[in-house]
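Heads up: the structure comes next, in structure tokens.
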Amino acid sequence: MKKIIFVMMAAGLVLASCTTKKEVSTNPFFSEWTTPFGVPPFDQIKNDHYMPALDSGITIARTEINAVANSTEEPTFVNTIAAYDRSGELLTKVMYVFGSQTSACTNDTLQALEVEIAPKVAAFNDEVLLNANLFQRIKTVYDNRGNATLTPEELFLLENLYKDFVRNGALLSPADQETLKKLNQDISVMTVKFSQNVLAETNDFKLVIDNENDLKGLPQSVIDGAAEAARESGNEGKWVFTTQKPSMLPFLTYAENRDLRRTLYDGYINRGNRNNQYDNKQLLADIVRLRADRAKLLGYKSHADLNLENRMAKNPANVFALLNQLWVPALKVADNERDEMQKIIDREGGKFKLESSDWWYYAEKLRKEKYNLDDNELRPYFSLDNVREGAFKVAEKLYGITFTPIESIPLPHYDAMAFEVKEADGRHLGVLYMDFFPRESKSQGAWCGGYRDHRWKDGKEITPVVTTVFNFTPPSGDTPSLLSFDEVITLFHEFGHALQGLFSINRYSTTFAPMDMIELPSQIMEHWATEPEVLNMYAKHYQTGEVIPAELVEKIKNSRFFNTGFDNVELLAASMLDMAYYSLEAPVNIDVDKFEKEYLSKIGLMKEIEPRYHSTYFLHIVGGYDAGYYVYTWAAVLDNDAFGAFQEKGIFDKATAEAFRKDILEPMGITDGEQSYIKFRGREPKIDAILKNRGLN
Numbered sequence: 001m002k003k004i005i006f007v008m009m010a011a012g013l014v015l016a017s018c019t020t021k022k023e024v025s026t027n028p029f030f031s032e033w034t035t036p037f038g039v040p041p042f043d044q045i046k047n048d049h050y051m052p053a054l055d056s057g058i059t060i061a062r063t064e065i066n067a068v069a070n071s072t073e074e075p076t077f078v079n080t081i082a083a084y085d086r087s088g089e090l091l092t093k094v095m096y097v098f099g100s101q102t103s104a105c106t107n108d109t110l111q112a113l114e115v116e117i118a119p120k121v122a123a124f125n126d127e128v129l130l131n132a133n134l135f136q137r138i139k140t141v142y143d144n145r146g147n148a149t150l151t152p153e154e155l156f157l158l159e160n161l162y163k164d165f166v167r168n169g170a171l172l173s174p175a176d177q178e179t180l181k182k183l184n185q186d187i188s189v190m191t192v193k194f195s196q197n198v199l200a201e202t203n204d205f206k207l208v209i210d211n212e213n214d215l216k217g218l219p220q221s222v223i224d225g226a227a228e229a230a231r232e233s234g235n236e237g238k239w240v241f242t243t244q245k246p247s248m249l250p251f252l253t254y255a256e257n258r259d260l261r262r263t264l265y266d267g268y269i270n271r272g273n274r275n276n277q278y279d280n281k282q283l284l285a286d287i288v289r290l291r292a293d294r295a296k297l298l299g300y301k302s303h304a305d306l307n308l309e310n311r312m313a314k315n316p317a318n319v320f321a322l323l324n325q326l327w328v329p330a331l332k333v334a335d336n337e338r339d340e341m342q343k344i345i346d347r348e349g350g351k352f353k354l355e356s357s358d359w360w361y362y363a364e365k366l367r368k369e370k371y372n373l374d375d376n377e378l379r380p381y382f383s384l385d386n387v388r389e390g391a392f393k394v395a396e397k398l399y400g401i402t403f404t405p406i407e408s409i410p411l412p413h414y415d416a417m418a419f420e421v422k423e424a425d426g427r428h429l430g431v432l433y434m435d436f437f438p439r440e441s442k443s444q445g446a447w448c449g450g451y452r453d454h455r456w457k458d459g460k461e462i463t464p465v466v467t468t469v470f471n472f473t474p475p476s477g478d479t480p481s482l483l484s485f486d487e488v489i490t491l492f493h494e495f496g497h498a499l500q501g502l503f504s505i506n507r508y509s510t511t512f513a514p515m516d517m518i519e520l521p522s523q524i525m526e527h528w529a530t531e532p533e534v535l536n537m538y539a540k541h542y543q544t545g546e547v548i549p550a551e552l553v554e555k556i557k558n559s560r561f562f563n564t565g566f567d568n569v570e571l572l573a574a575s576m577l578d579m580a581y582y583s584l585e586a587p588v589n590i591d592v593d594k595f596e597k598e599y600l601s602k603i604g605l606m607k608e609i610e611p612r613y614h615s616t617y618f619l620h621i622v623g624g625y626d627a628g629y630y631v632y633t634w635a636a637v638l639d640n641d642a643f644g645a646f647q648e649k650g651i652f653d654k655a656t657a658e659a660f661r662k663d664i665l666e667p668m669g670i671t672d673g674e675q676s677y678i679k680f681r682g683r684e685p686k687i688d689a690i691l692k693n694r695g696l697n
């Protein structure tokens with residue numbers, strides 16, 4: 001279930017008495033949005049609008065929740081579950097915008113507000129989840145569900161809502177509930193601070209180069225981008241590289257200066273671990289400790305046991321069983337990759353052993369040697385505009401939907417773009433925002449979020465507003481943004497998440513999407529990106545318009561197993577590390593550095609590969625994917641197996657696409673995930689496809 005603040009909707013709200021008339025007239029959150037398609041009026045929302053709107057939202061939601069909890073009517077689905085679901089519209093409205101903007105366009109004021117708002121929201125969540133009268137009414141409806149006439153969605157909502165209240169302390173004693181509240185408060189503040197520290201560390205580190213000789217090996221487009229970054233940072237005439245991946249990875253891949261490669265890479269992997277004001281070691285240790293305490297208080301062995309109970313995986317043992325099944329073959333493949341790169345070093349007269357900071361440089365040499373393929377050959381065919389339109393075209397061929405740019409509409413940032421999404425018959429489906437380039441106000445990585453979910457209100461359908469956020473290679477001078485092959489895959493990945501949000505058909509706001517399946521819609525879209533038929537649709541030279549040559553497509557196909565050992569090992573190592581932290585049983589008292597080193601040594605991680613994320617900047621495991629980073633691998637079993645259904649009948653087979661939309665994308669969060677998958681595929685998923693597609697069999 002989404003956090004209470006993100007699911008509660010209501011109609012016909014009256015502003016809280018603490019809100020002044022002046023605030024009402026100037027604060028956009030207190031009025032109906034008359035913008036195109038009702039999107040947030042970003043140009044009108046100021047930093048000082050959030051707190052008054054949040055406070056009013058909590059006050060109103062509290063009144064509505066109490067009205068449900070204290071009703072003297074016999075509890076029914078309509079007057080209890082549906083009424084609960086409708087509550088808190090203003091609060092949800094505020095938090096959707098605030099949460100998205102603090103991730104993609106933050107500033108000092110918003111960061112200070114985050115620290116202030118987090119415990120307020122946590123306290124209100126607890127107030128609702130631990131409301132004894134409310135829970136008793138929900139329990140009554142739950143106990144009598146066999147006698148009620150409910151739709152499948154309503155029954156799924158009821159059963160999971162009841163379980164969610166129990167899992168969040170509804171059955172605890174009053175004294176234990178007070179302890180739980182304190183734990184939730186502390187965790188909420190710590191997770192915000194952890195994320196802010198990572199952003200600060202990412203922004204603080206800059207590799208400034210003033211000797212042109214140190215740029216040897218770098219493509220001109222990379223040099224031009226570094227010069228532009230230098231100008232923007234007040235280093236005119238020099239070149240600046242950062243730990244943002246669009247800046248860092250080309251340097252690690254092509255720069256001949258080994259010492260500088262190591263310096264930049266060390267700057268990346270040591271974020272949050274420098275014993276400065278942004279150090280995250282103790283914060284993470286405390287988060288792990290408090291989550292273990294919380295799980296024990298709720299009657300579970302560990303935080304992982306608590307989080308996995310309502311997922312497809314069920315328990316940590318099943319997660320480790322899957323990860324270990326891939327770990328051994330992945331290590332074997334990675335060992336071979338390392339040995340092949342070491343041969344290149346030795347052949348070139350290098351008197352050193354391959355280190356982790358060398359991997360990208362020598363992997364690129366190996367790719368050229370084995371497959372005669374250079375990433376720089378591909379980039380000219382992967383202009384951002386063409387790749388984006390390619391993803392749109394795939395969705396149109398699969399589902400009949402279209403994407404039309406919207407010119408006059410508020411934007412969350414001036415770099416962002418907006419598109420109206422329509423069904424094949426022209427009906428409005430939703431709005432999609434896309435925000436592509438790095439900036440200091442934006443968190444690292446890529447993600448999909450939303451400013452409004454699909455729902456129904458007073459018999460009227462409310463359509464979604466979805467946002468996808470990236471950190472892609474920016475344009476430089478007259479050269480447009482030319483994406484790396486990995487960035488192409490990332491665009492298709494997040495676009496897959498966006499499709500799920502746009503296709504959602506839930507009638508109620510409260511949903512329970514299993515974490516194990518959340519990455520299925522995104523990861524299955526990655527398969528289309530590399531299909532020759534699809535490459536011919538979008539991979540066109542940015543200068544000549546020439547379609548990517550067949551020989552390059554063949555090279556991409558032949559190199560599909562390139563670096564697969566590395567890719568799988570770094571991902572699996574991070575997934576296992578996450579699960580190791582959250583499988584600890586209270587009381588927990590760890591030294592993060594020591595724990596990480598000992599655990600990675602225990603599982604046999606080779607020293608030439610670092611986990612995809614080290615503990616002190618592993619944002620996933622403090623911000624929603626705690627005991628959940630494994631889901632990328634779990635979902636990979638599903639997406640490889642599911643794409644097989646398309647391959648069997650044609651990758652643009654309309655009937656298969658319609659079934660995937662109806663069985664998987666539309667009902668995600670309102671039906672049982674495992675049963676939805678079986679309905680689509682006609683059987684349970686098999687692991688064979690992932691082993692084959694990753695070259696691990």
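Using the numbering used here, you'd call the opening residue of the sequence shown number 1 and step up by one each time. For glycine and all other residues, C-beta sits at the position ideal for the given N, C-alpha and C. Please read these numbers as outputs of a predicted model, since none were measured by experiment.
- In the same chain as residue 244, and ignoring 5 residues on each side of it, the C-beta atoms closer than 7 angstroms to its own belong to 202, 438, 444, 471, in chain order.
- Nearest in C-alpha terms to residue 311, of all of 553, 634, 646, is 634.
- Residue environment: residue 93 is assigned as buried (16 or more neighbouring CB atoms within 10 Å of its CB, all protein chains considered).
- Nearest neighbour of residue 118 by Cα position, chosen from 194, 179, 80, turns out to be 194.
- Residue state for residue 430 is assigned as strand, using DSSP reduced to three classes.
- Going by DSSP, residue 455 is part of the beta strand (DSSP E) stretching over 455 to 457.
- Taking C-alpha positions only, residue 185 is separated from residue 169 by approximately 14 angstroms.
- Using a Cβ-Cβ distance cut-off of 8 angstroms, the segment 212 to 224 and the segment 455 to 465 are not in contact, since fewer than three pairs of beta carbons, one from each stretch, lie closer than that value.
- Taking 9 angstroms as the cut-off, the beta carbon of residue 679 is found no closer than this to the beta carbon of residue 653.
- The segment 58 to 118 contains no complete beta strand (DSSP E) run of 3 or more residues.
- The way I'd put it, the segment 547 to 565 does touch the segment 324 to 340; three or more beta-carbon pairs between them come closer than 8 angstroms.
- If you look at residue 418, you'll find it in the beta strand (DSSP E) that goes 417 to 422.
- Secondary structure at residue 496: helix, using DSSP grouped into helix, strand and coil.
- Excluding sequence positions up to five before and after residue 365, its CB lies within less than 7 angstroms of the CB of 344, all in the same chain and listed in chain order.
- One thing to note: residue 298 has its Cβ no nearer than 9 angstroms to the Cβ of residue 129.
- By the Cβ-count criterion, residue 544 is exposed, with fewer than 16 other Cβ atoms from all chains shown falling within 10 Å of its own Cβ.
- Nearest C-alpha to residue 172 among 139, 627, 351, 132: 132.
- The residue from 535, 206, 150, 669 with its alpha-carbon nearest to that of residue 506 is 669.
- When rounded, the separation of the alpha-carbon atoms in residue 697 and residue 585 is 35 angstroms.
- Residue 639 counts as buried, since no fewer than 16 other beta carbons sit within 10 angstroms of its beta carbon.
- Along the length of the segment 437 to 494, whole alpha helix (DSSP H) runs at least 4 residues long do not occur.
- For residue 500 and residue 521, the gap between their C-alpha atoms comes out near 6 angstroms.
- The Cβ atoms of residue 524 and residue 643 sit closer than 9 angstroms to each other.
- DSSP places residue 173 outside both helix and strand once states are collapsed to three, so it counts as coil.
- According to the DSSP assignment, residue 392 belongs to the alpha helix (DSSP H) that extends over 384 to 399.
- The beta carbon of residue 44 is closer than 7 angstroms to those of 28 in its chain, skipping five residues each way along the sequence.
- Assigned with DSSP and collapsed to three states, residue 240 falls in strand.
- Three or more Cβ pairs closer than 8 angstroms define a contact, and the segment 475 to 490 meets that threshold against the segment 378 to 397.
- Relative to the Cα of residue 373, the nearest Cα in the group 558, 121, 651, 35 belongs to 558.
- When secondary structure is reduced to three states using DSSP, residue 208 falls in the strand class.
- Taking all protein chains in view, the Cβ of residue 149 is surrounded by fewer than 16 other Cβ atoms within 10 Å, so the residue is classified as exposed.
- As a beta-bridge residue in DSSP terms, residue 403 pairs with 421.
- Bridge partners of residue 435 according to DSSP: 469.
- With a beta-carbon spacing of about 7 angstroms, residue 516 and residue 673 fall inside the 8 angstroms limit used to define contacts.
- Inclusion of residue 412 and residue 36 in the CB contact set at 9 angstroms is not warranted, their separation being larger than that value.
- For residue 365, the uninterrupted alpha helix (DSSP H) segment begins and ends at 359 to 371.
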